[in-house]
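In our numbering, the protein residues as written are 22 to 266. All residues carry an ideal CB built from backbone N, CA and C; glycine is no exception. One structure is given below, encoded as structure tokens.
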């Protein structure tokens, strides 16, 4: 029985219709649970959606915890280690903010309302059930080294560009954080226009910075695309039956 439960709640294997149905139901529940976050107030219907979704998330969490040894394969220690795995932490963060643990009379403790924002973590539960999202996660993991290199390059660019513009136009950029903000916006080529250089030297730095930013932003896109196509080709080859000699 536990093995069958494990097979159902885990990612659906080819041909397992019940597991696939479970994945689709969970994805629908996740999407529905995000609807109340789009409203400032609450209604009876929204409260019902929240309670039902939370109950389903609790059941899903308990089923996964009960079959943790089948997943982690570490015997009884699996039940202790499972709550600390990344996806289990996300699952728990999706559940806890739905409980009102504090009395309304304790004003200082009303900071617990900030946990309402943690309910957006429910969208990350989709990674558990969507094959396409799991492929993207696998691609990111396999391309971790080049992506980290690009990230370091981007951070270095932001800091250097911020230092340059901060010294070129100290009157425009009151703090170094303003310069970092401008460099980040330039890197992403967004260009909000709320902070911008006015001198000739500052504008030249901006033009050079924009060209470099375009190149840096394009790098991770190319890396992920190449890795995604490689993963798709590997999956296609695995599904193709080998030719007999």
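Which value, in whole angstroms, describes the spacing of the CA atoms of residue i and residue j?
i: residue 41; j: residue 88; result: 18 Å
i: residue 127; j: residue 61; result: Because the pLDDT of residue 127 is 44, which lies under 50, any placement of that residue in the model is unreliable, and the question is left without a value.
i: residue 186; j: residue 243; result: 29 Å
i: residue 48; j: residue 101; result: 27 Å
i: residue 68; j: residue 246; result: 41 Å
i: residue 207; j: residue 227; result: 8 Å
i: residue 83; j: residue 224; result: 58 Å
i: residue 86; j: residue 104; result: 8 Å
i: residue 81; j: residue 176; result: 39 Å
i: residue 59; j: residue 188; result: 43 Å
i: residue 95; j: residue 23; result: 16 Å
i: residue 90; j: residue 161; result: 27 Å
i: residue 25; j: residue 201; result: 53 Å
Is residue i helix, strand or coil by DSSP?
i: residue 212; result: coil
i: residue 297; result: For the chain, the structure presents residues 22 to 266; residue 297 sits outside this window and is missing.
i: residue 75; result: helix
i: residue 165; result: helix
i: residue 112; result: helix
i: residue 96; result: coil
i: residue 70; result: helix
i: residue 246; result: helix
i: residue 219; result: coil
i: residue 22; result: coil
i: residue 258; result: helix
i: residue 227; result: helix
i: residue 62; result: coil
i: residue 44; result: helix
i: residue 252; result: helix
i: residue 191; result: coil
Quick one: measure Cβ to Cβ for residue i and residue j, integer angstroms, because I've assumed they're closer than 8 Å.
i: residue 159; j: residue 252; result: 6 Å
i: residue 156; j: residue 249; result: 7 Å
i: residue 50; j: residue 28; result: So it is not a contact: roughly 20 Å between Cβ atoms.
i: residue 238; j: residue 205; result: Rounded, the Cβ-Cβ distance is 11 Å, inconsistent with contact.
Using a 10 Å radius around the Cβ and a threshold of 16 neighbouring Cβ atoms, would you call residue i buried or exposed?
i: residue 231; result: exposed
i: residue 63; result: exposed
i: residue 191; result: exposed
i: residue 221; result: exposed
i: residue 197; result: exposed
i: residue 38; result: exposed
i: residue 267; result: Nothing in the structure corresponds to residue 267, since the chain is present only between 22 and 266.
i: residue 107; result: exposed
i: residue 45; result: exposed
Report yes or no: is there a C-beta of chain C within less than 8 Å of the C-beta of residue i?
i: residue 92; result: The displayed structure is made up of one protein chain only, and chain C is not part of it.
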